[in-house]
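Comments concern the structure below.
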Amino acid sequence: MKYIDEYRDGGLAQALARTIAAEADPARTYHLMEFCGGHTHAISRYGLEDILPANVRMVHGPGCPVCVLPVGRIDAAIYLARQPGVILCTYGDMLRVPGSKRLSLLKAKAEGCDIRMVYSTMDALKLAQDNPDRQVVFFAIGFETTTPPTAVALKQAQALNLKNFFVFCNHVLTPSAIAQILDSPEVRVLGTVKLDGFIGPAHVSTIIGSAPYEYFAEEYQRPVVIAGFEPLDVLQAVLMLVRQVNQGRFEVENEFARAVTRDGNSKAKALVAEVFELRKSFEWRGLGRVPYSGLRIKAEFARFDAERHWDVPQDSPPDNKACECGAILRGVKKPTDCKLFGTVCTPENPMGSCMVSAEGACAAHWTYGRFRDIKAAPDSKVDP
Amino acid sequence: MTLPRRTHPRPLDIANGRIDLTHGGGGRAMQQLVEELFVAAFDNDALNQRNDQAAFDVPPEMLRGGRMVMTTDGYVISPLFFPGGDIGSLAVHGTVNDVAMAGARPLSLSAGFIIEEGFPLSDLKRIVDSMANASREAGVPVVTGDTKVVEKGKGDGIFITTTGIGVVPPGVNVSGDRARAGDAVLVSGTMGDHGVAVMSQRESLGFDTAILSDSAALHTLVADMVAATPDIHVLRDPTRGGLASTLNEIAVQSGVGIALRESDIPVRPEVKGACELLGLDPLYVANEGKLICICAPEHADTLLAVMRAHPLGRDAALVGTCVEDSHAFVTMRTAMGGNRVVDWLAGEQLPRIC
Ligand code: SF4
């Protein structure tokens, strides 16, 4: 517990904020994107924007695994849940993400599909062992952090020779998504989105290391600072980015050295490489099809692959027209730019994925920050 | 006066027996269960009369302009036993507290049991004994009750509903709509203990803690507070949804904003650590032995002193103030120095714990 409080010391935070204000050049604005939903959540949860100087602005990135999954993949999961004999299991947040035709896994569950919430891949594996006459599909999502546990589950299923365990694989890769954002016309050509630097992922980097960011720091000439999820980590990373920008550097620096090395966790990487291979491209909400950004199950484990076992639809239906999640995930818009924010769309009744997970930009702003834009708050909370 | 116990050929086999449908059927088996388990444990005059209702005298406060209060609550927790309590003690404490939060003196309770076929008699006895104990300690008897048995698969072990009545002393008017801008917001102790203690017992979460539930009857604490300051504006126990949800309820009911200071909110380090592991915010975790008190600023010091002098209020703290705000936002100055909304709990964040 001491360990946590060390990174949440209010006095230290104020001191860091003062240093940032002193070093930030008042003649310019710093646009810093935090890639990860974990950072987005920390920034909102601790109100860090309030203590940063006005010319240091945080831009929320697409690093929320629930948010980036496109409608088509939710529809596919619902399709799987509707197959006779199937138990679909997944992490809690996925249940509420809207698919097309106003459906969600939660509604499919209410219609009678057997959909269960699990806390880990091991729960899913156990479910398969306990229900030999059913087919258990694990709806696997997430970035590099959640991929190794799925790999372990697949290897175990093989060792146990399970005939009724399947994985619907939606694992995605961080570096290709960052490159896609930097390649987008808004950043490259139009200059409508200014990005002066990145706060790099915490947990993801413990697996992949800091080396994968070196390529685009160099290629796109943007500094990257890998940071932990504690509020002081975030502030320290902001200071390091401000310094790099001031000095015209664009290097990969590691604020999170207590957990991240240059090469990452080679054991976990080897495990993932044994079970998964790159897809040619994978669709992301907001980013479209991104080349080599997703993983699929290798042929050797094909019999556990839900996409091979069932004829899973590969359509890509559009998002709700009014929902701005796509633009928000690219850093082009803010939650308050969406007409539905706080009126039709709230965490109780999400219209887009960014309002579902606590790491989503819309949910974080609604839950923690909406007092700043009173206008957007509905009057429902006023004395009835 | 105690009537002689009716005799049954063989006593209940508490150690190995299980509830079956006959225990709810109204016949001899049910009568034996009631006699040997419930009446034996609760043992009070009203219950010993063996009527379908309890009769009692009008409490003396009523003759001086006091008011009666009544409340009811269902307990459907899982697991049934947790560090620091069980569903039985919780069913007493929770309802006693709901009565007390009106500033009232609790008088008596009723208890309804819905038990699933196959439930072990040994567990039932443990629960009933714990309930009887809690009621005796609180000085609030269970004066009437009911038992039903449902088929296997139609319940989750045991559900308990308790109803409580009490009397509010004359001149006391505690209500959720009485918070005013400028009022002080006090809590009686550390937040989140109960929820974390219960969750630590859920096997799928696989961690062990030394955290005990704070489950306790708060009426004596409330009596001390009301005696010192009859004009308390709001009392409420932050159970399901924790401090955050309860303050949001009060803010809306009273039409005020509430501004908290994170560094003043007492949370045990172990609870903080466990919440970190589970990805929870202690402000949203349930309490079963804590209260929130909102009062005029000039009464805050007196009430804090009274609370801290009582064993159940030792860690009492001033955590915020009510402010003018037509949006009824609950906000918090974070330990980092920033501000944030402390929102209602969205959806069901937690398993059933109260
Ligand atoms: S507020 Fe709702 S509808 Fe609008 S962008 Fe966010 S998630 Fe989509």
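Chains as they are written, first to last, in the UniProt record's numbering: chain A, 1 to 384; chain B, 1 to 354. Heads up, the beta-carbon is just placed ideally off N, CA and C, and yes, glycines get one too.
* Beta carbon of B/Met191 nearer than 8 angstroms to that of B/Pro266 -> yes
* Helix, strand or coil: how does DSSP classify B/Ile19 here? -> coil
* Asked: How far does the alpha helix (DSSP H) with B/Ile158 in it reach, from first residue to last?
  -> Run containing B/Ile158: none in the alpha helix (DSSP H); it sits in the beta strand (DSSP E), Ile158 to Val168.
* To do: List the DSSP bridge partners of B/Cys322.
  => B/Ile258
* Could you tell me the boundaries of the beta strand (DSSP E) in which B/Val142 lies? => Val142 to Val150
* Identify which residue in A/Leu125, A/Leu52, A/Ile226 and A/Ala110 has its Cα closest to the Cα of A/Cys36. => A/Ile226
* How about A/Ala322: is its Cβ closer than 7 angstroms to a heavy atom in the ligand SF4? -> yes
* Nearest neighbour of A/Val275, chosen from A/Ala151, A/Arg262 and A/Pro291 [CA to CA] -> A/Ala151
* A/Gly99, buried or exposed, once every other Cβ within 10 Å from all chains shown has been counted against 16 -> buried
* Neighbouring residues, chain A, relative to B/Arg340 (Cβ below 9 angstroms) -> Ser44, Arg45, Tyr46, Gly47, Asp50, Thr367, Tyr368, Gly369 and Phe371
* Interface flag, B/Asp343 vs chain A, CB-CB below 8 angstroms -> yes
* Asked: Under a CB-based cut-off of 8 angstroms, is A/Gln14 close to chain E?
  -> Among the chains of the structure shown, chain E does not appear; the protein chains present are A and B.
* Asked: Got a sec, what are the start and stop residues for the alpha helix (DSSP H) A/Ala21 sits in?
  -> Gly10 to Glu23
* **Extent of the continuous alpha helix (DSSP H) to which B/Val174 belongs** => No alpha helix (DSSP H) holds B/Val174; DSSP gives it neither H nor E.
* C-beta neighbour in chain B for A/Arg8, strict 8 angstroms -> yes
* To do: Run the CB neighbour count on A/Gln135, radius 10 Å, all protein chains shown included, and call it buried at 16 or more, exposed below.
  => buried
* When you check each C-beta in the segment 221-249 of chain A against every C-beta of chain B, which residues fall closer than 7 angstroms? -> Pro231
* Based on the DSSP secondary-structure assignment, which residues constitute the bridge partners of A/Cys89? -> A/Arg116 and A/Phe138
* Could you tell me whether any non-hydrogen atom of the ligand SF4 is closer than 7 angstroms to the CB of A/Ile328? => yes
* Asked: Can you find a CB in chain B that lies within less than 8 angstroms of the CB of A/Lys375?
  -> Annotation note: pLDDT 41 at A/Lys375 (below 50); position unreliable, coordinate value reported separately. No, its Cβ sits nowhere closer than 8 angstroms to a Cβ of chain B.
* Straight-line Cα distance separating B/Ile87 from B/Ser130 -> 9 angstroms
* Residue from B/Ser175, B/Ile114, B/Pro120 and B/Ala184 whose Cα sits closest to the Cα of B/Ile158 -> B/Ile114
* Please name the residue or residues paired with A/Tyr30 in a DSSP beta bridge. => A/Val56
* To do: Leaving out five residues on either side along the sequence, give the residues of the same chain with a beta carbon under 7 angstroms from the beta carbon of B/Ser215.
  => Gly84, Gly85, Ser89, Leu90, His93, His194, Glu288 and Gly289
* Uninterrupted alpha helix (DSSP H) stretches inside the UniProt domain "PurM-like C-terminal" (180-331) of chain B (no shorter than 4 residues) -> 193-200, 219-228, 242-254, 269-278 and 300-309
* **Residues that B/Thr331 contacts on chain A, provided the C-beta gap is smaller than 7 angstroms** => Phe371
* Straight-line Cα distance separating B/Gly166 from B/Arg236 -> 16 angstroms
* **Span separating the alpha-carbon of A/Pro378 from that of B/Asn97** => Annotation note: pLDDT 41 at A/Pro378 (below 50); position unreliable, coordinate value reported separately. Cα-Cα distance, rounded: 34 angstroms.
* Based on the DSSP output, what are the partners of B/Glu67 in its beta bridges? -> Residue identity check: residue 67 of chain B is Arg in the sequence provided, not Glu. Answer by DSSP bridge pairing, in chain order: B/Val168.
* On a CA-only basis, which of A/Val204, A/Ala159, A/Ala237 and A/Gly11 is nearest A/Met58? Give me that one, please. => A/Ala237
* Which term fits B/Val58, buried or exposed, when burial requires 16 or more other beta carbons within 10 angstroms of its beta carbon? -> exposed
* Below 8 angstroms on the Cβ atoms is my guess for B/Gly320 versus A/Ile51; work out the distance and round it to an integer in Å. => No, B/Gly320 and A/Ile51 are not in contact; Cβ-Cβ is about 20 angstroms, not under 8 angstroms.
* To do: Whole angstroms is fine: what's the gap from A/Glu34's alpha carbon to A/Ser120's?
  => 26 angstroms
* Asked: Using a Cβ-Cβ cut-off of 8 angstroms (strictly less than) and excluding sequence neighbours within five positions of B/Gly313, which residues of its own chain qualify?
  -> Ser188, Gly189, Leu221, Val306 and Met307
* Environment of B/Met70 [buried if 16+ CB atoms lie within 10 Å] -> exposed
* Reducing DSSP to helix, strand and coil, say where A/Trp366 ends up. => helix
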